[in-house]
Amino acid sequence: MSNYDCHACREYNSLSRRQFIGAASGAAFAALTAPAWLPRVAYARQDCSGRDVIISIYLRGGADGLSMVVPFADPAYYAARPALAIPHPDSGDPNAAIALDEFFGFAPAMAPLVEAYRAGHLLVVHATGMVNATRSHFDAQRFMEVGKAADPTLYTGWLGRHLASVPPLRPDAILRGVGINTGLQRTLVGGPETLPIPNLDQFGLTGNAQTLAARRQAISDMYAMTHDPLRAAGETTLLTIDLLNQIDFAGYQPKGGAVYPAGAFGLALKSTAALLKAQVGVEAVAIDLGGWDHHNSEGPISGAMADLMTQLSQGLAAIHADLFSRSGAGTPNVTVVVTTEFGRRVDENGSGGTDHGYGGAMLVLGGNVAGGRVLAQWPGLAPDQLFEQRDLMVTIDYRHVLAEIVQYRLGNANLDYVFPDFTPNFRGVVCPSTA
Amino acid sequence: MDQTHRFRPTAARATAGAPGGARSRRAVLSGAALAAFWGEQTARAGEPARHSAAPPVQTTGAGPLVRLIQRVTMGLTASELQAARQLGREGYLEHQLAYESIDDSVLAARLANYATLTMEPYQLFQLQPQQVVNELIEATILRPVLSRRQLLERMVEFWTDHFNIDINKNLDRFLKTVDDREVIRANALGTFPALLSASAHSPAMLYYLDNNVSFVGNPNENYARELLELHTMGADGAYTQVDIEEVARCFTGWTLYPANAGVNAGKFRFLAGQHDNGAKQVLGYTIPAGGGYNDGLIVLDILANHPDTARYVSAKLCRWLYQYDPPAPLVSSVAATYAATGGDIRSMIRTALLKHDLAAAEPKYKRPYHLFVSALRACGATITNVNGIRSNLLAAGQVPYNWGPPDGYPDNLDFWVGLVLPRWNFGASLLNSQVNGASVDINAFFAGVPNNADALAAHIDRALFGGEMDPFERQRIRDYLLPNAPTTQRKRDALGLAIASPGYQWY
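Quick mapping for you: the protein sequence lines, in order, are chains A and B.
In terms of the numbering used here, the first sequence opens at residue 87 and continues consecutively.
In terms of the numbering used here, the second sequence opens at residue 4 and continues consecutively.
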């Protein structure tokens, strides 16, 4: 399978240039008719840097890439998964996989993403992951988020180091990175002006309203004089209270007919869309979707995993409709990446589930993504083709994909800092920025 | 597009790790300085540290006794300080270790309202799951606030994370109550091998990690992997994927009775017919064929006696009790104690807290549960129900038994440090009757204290910090109370601000 499709990239280049112009001229119009939920600050300085903002979605628990993106043309898949396999697209089965090309297909629960795929905005990467295998969730997540395998001396995440090594998208940015979580995801650790915020719509001080200003001043004074990272967290928090309170998250109206799924994940995506459209300088958002550790009763067609895939695909489809529709101003260029710590064992286990494996799948969504295809160097699923006779091999280091996005879409050439001791090999996953 | 900007890491920030003297308002850190803070400059120079970077030394010169109380309790109080002063360091630690002899009737009377805490699984199965879950979580919030057995509560929290079970998983809504009582609490200050064995037999654990459906011919690896990685040898332990598969075979058939099994429902069950009776090789040992139930016991014995287990559990315990990156000699001492005493937890705690200079330990950042409990204790809060405390814990990210993955809530700085707002708000809300079910009698708190800023600030320092409050922060709280004769509202605010102060986030 080819790795780099120059035609596709040229095509997307020209497309995104057109879109960029459209968005910029639209901005002037929309400034006159700004929707009520948008803060005035959004119009103080339009972002013309051409750099994308990034949403990094982590599927925690080790998502079964073979159930999400089905290698239906590999007969070993059906031999290994007598109970769990998703039927061949040509089977006529109502639960059959949805063909993406001659070889791979989406699980039926991923159907909401077919439109983005056909529009060329969604790239699927398969047989990908960390090249240094560990079947530990915690080591795999940690090292993957750090961006370097098996290095216990590195604490910061790849996205945190990215933020630390580019100038802010807005010079006056108060908040550059957000983890939609109660604790900061490792991915973002080390990012300047970066906070974990579990709910963007609830971020204010409690206590007596009459004394709020005085109390706030006392907190500000005390935190200004303490040590990092607590000092930085305190200062950024105080400024972020005002920032977020300018945005009416509850009244946010998505565009393009987008419908975000119910639940925490959908809410996180929806409020992220509102935050990014406000263009207050946030350039990286990390969102988790957990629960993929399906050792038991995996249910990829109608069960636990299908439910998760439905949330994921509906959420991404909503982002696609909302942020890529280009129907109005204030829409930044966004690239979304979806990763997981590992795929699962090729053979299903005796309890209708799958144990920890190695290679898995990854998704990249964006207006500047060379999508509409599955990028893979498929190693095969026959027993002698597997890693340690049990797992899908990793043939594309996930960092090749991320590094290309960091350089071409996030405008950061410091790849040796973002991914230390790694030589990226660009696969043409995105189109270089047109700005 | 600007691709010419080159990022040049600069030298480590001069103030990183500086002691309390280097206080000045600084500009927002550059990315390089933040990276330097996270320890990567030194780490690259060849000082590997397995977990997160240590926090900057923020010591306020905590005396050994105050530091011991902070490590041994869920929050310093005036009465705890008084007791420790009477007993001395070793005497106070022994007092807390011998928890059975500490009268805890106040807590017991309060918990008598929670009938589910003492029920058997078959009884719990008759109830609405939410009732069972609520009573356990409520008890877990009340216990460290009200109990005089403070070290027990500290260790219950530690082992609850070590043997983490997500209470949201179907049957674990019922069974975690039993696990908490019969595995964690019963063994928290016993021996590690006994605790490990109790956990391996715990229906809640077997269900959580899918061992209940691991049968001969096609075992489920989930429990076996986490048993080695998280419960005993650690991710760096000397085991292989084959060891995991063999351990999984040894535990095939370890399951629980179904809900319709009468009084046995939800209890441990060995299903001999579902056990793999072939021979196995585990960590270099041959487990002969036909061992049945004993296969699992042999594995537990191998693991409990493995030096990797002694080292991993000791390092984690030192991290809990001493500092995030405990000194290697301390970990070795505790591991030696493990080996010498058969994993006696009390002996390991003595080594961890008394054999090295505890006053030199770096402060640790309170997790939300610890912070809120310590505030409730120090303020002498009255709790009529825990609903508001629980919702504050939810906002701050640490409702008990709600961590999904099996590694437990993180014990580190970098995960928790960013979300300060719910921590600030808890103090302000608590002092203003905005925490449902919890309140502070501000007049009782300041009873007998002259109504002037100096005296009030000094009292806050004594009650919350054992007299070792950061001088700048104490001064700022004092200034907040000016002019003298402050109103009750000002005093409420000042106490709430003390809970929100940077210094109170550490212990």
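Just so you know, even glycine gets a beta-carbon here, dropped at the ideal spot from N, CA and C.
Between F224 of chain A and F189 of chain A, the C-beta gap is not smaller than 9 Å, which leaves the two residues out of contact. Counting only runs of 3 or more residues that sit fully inside the region 246-312 of chain B, the beta strand (DSSP E) segments are 257-259, 271-273, 283-285 and 288-290, in chain order. Using a Cβ-Cβ cut-off of 9 Å, S222 of chain A counts as an interface residue toward chain B, since at least one Cβ of chain B sits closer than that to its own. Using a C-beta cut-off of 8 Å, the region 287-303 of chain B makes contact with the region 242-253 of chain B, since at least three inter-stretch Cβ pairs fall below that distance.
Within the region 470-502 of chain B, the residues whose Cβ lies closer than 9 Å to any Cβ of chain A are, in chain order, D473, F475, E476, R479, I480, D482, Y483, Q492, R493, R495, D496, A497, G499 and L500. A distance below 9 Å separates the beta carbons of G148 of chain A and R430 of chain A.
P206 of chain B does not reach chain A, its nearest Cβ partner there being about 15 Å away, counting only Cβ pairs nearer than 9 Å. In the DSSP assignment, V139 of chain A falls within the beta strand (DSSP E) that extends over V139 to R146. In this structure, the alpha-carbon of P510 of chain A lies about 21 Å from that of T220 of chain A. In the DSSP assignment, T194 of chain B is bridged to B:D347.
Neighbours of P408 of chain B in chain A, taken as residues at a C-beta separation under 8 Å, are given in chain order as R146, G147, H223, F224, G376 and D379.
Residues of chain B with a Cβ closer than 7 Å to the Cβ of A304 of chain A are, in chain order, R479, Y483 and L500. Rounded to the nearest angstrom, the Cβ distance from A313 of chain B to L199 of chain B is 12 Å, too far for a contact under 8 Å. Taking all protein chains in view, the Cβ of S217 of chain B is crowded by 16 or more other Cβ atoms within 10 Å, so the residue is classified as buried. The continuous stretches of beta strand (DSSP E) do not include M216 of chain A, and DSSP gives it neither H nor E. Within the region 359-370 of chain A, contact with chain B at the beta-carbon level (separation under 7 Å) is assigned to no residue.
In the three-state DSSP reduction, W162 of chain B falls in the helix class (H, G or I). At least one C-beta of chain B is nearer than 9 Å to the C-beta of T268 of chain A. For N439 of chain B and S432 of chain B, the gap between their C-alpha atoms comes out near 9 Å. The Cβ of V216 of chain B sits closer than 9 Å to at least one Cβ of chain A. The DSSP assignment places 225-229 as complete runs of the alpha helix (DSSP H) inside the region 213-240 of chain B, in order along the chain (cut-off: 4 residues).
What L353 of chain A touches in chain B, judged by beta-carbon distance under 8 Å, is nothing: the nearest beta carbon there is about 15 Å away. Nearest Cα to A292 of chain B within the set B:Q401, B:N280 and B:R479: B:N280.
Taken in chain order, the members of the region 279-294 of chain A whose beta-carbon sits within less than 9 Å of a beta-carbon on chain B are E279, T280, L281, P282, I283, P284, N285, Q288, F289, G290, L291, T292, G293 and N294. Counting only residues of its own chain and dropping the five nearest sequence neighbours on each side, D444 of chain B has a CB closer than 8 Å to the CB of G383 and T385. Runs of alpha helix (DSSP H) with 4 or more residues, each lying fully within the region 63-119 of chain B, are found at 67-75, 81-100 and 108-114, listed in chain order.
Under the Cβ criterion of 9 Å, V492 of chain A is not counted among the residues facing chain B. Within chain A, not a single residue places a beta-carbon under 7 Å from that of S442 of chain B; the smallest gap is close to 14 Å.
Counting C-beta atoms within 10 angstroms of its own C-beta, T491 of chain B has fewer than 16 neighbours from the protein chains shown and is therefore classed as exposed.
Nearest Cα to P409 of chain B within the set B:V420, B:E224 and B:L212: B:L212. As computed with DSSP, F473 of chain A is found in a beta bridge with A:D477. Using beta-carbon distances, T312 of chain A counts as an interface residue toward chain B, with a partner under 9 Å.
Contact check for D477 of chain A against G514 of chain A fails: the beta carbons are separated by 9 Å or more. Here Y484 of chain A is near G215 of chain A, since their CB atoms are less than 9 Å apart.
Close partners of G320 of chain A in chain B (Cβ separation under 9 Å): V423, W427 and P505. Taking a cut-off of 8 Å on C-beta distances, the region 376-396 of chain A does not touch the region 465-480 of chain A, as fewer than three cross pairs fall below it.
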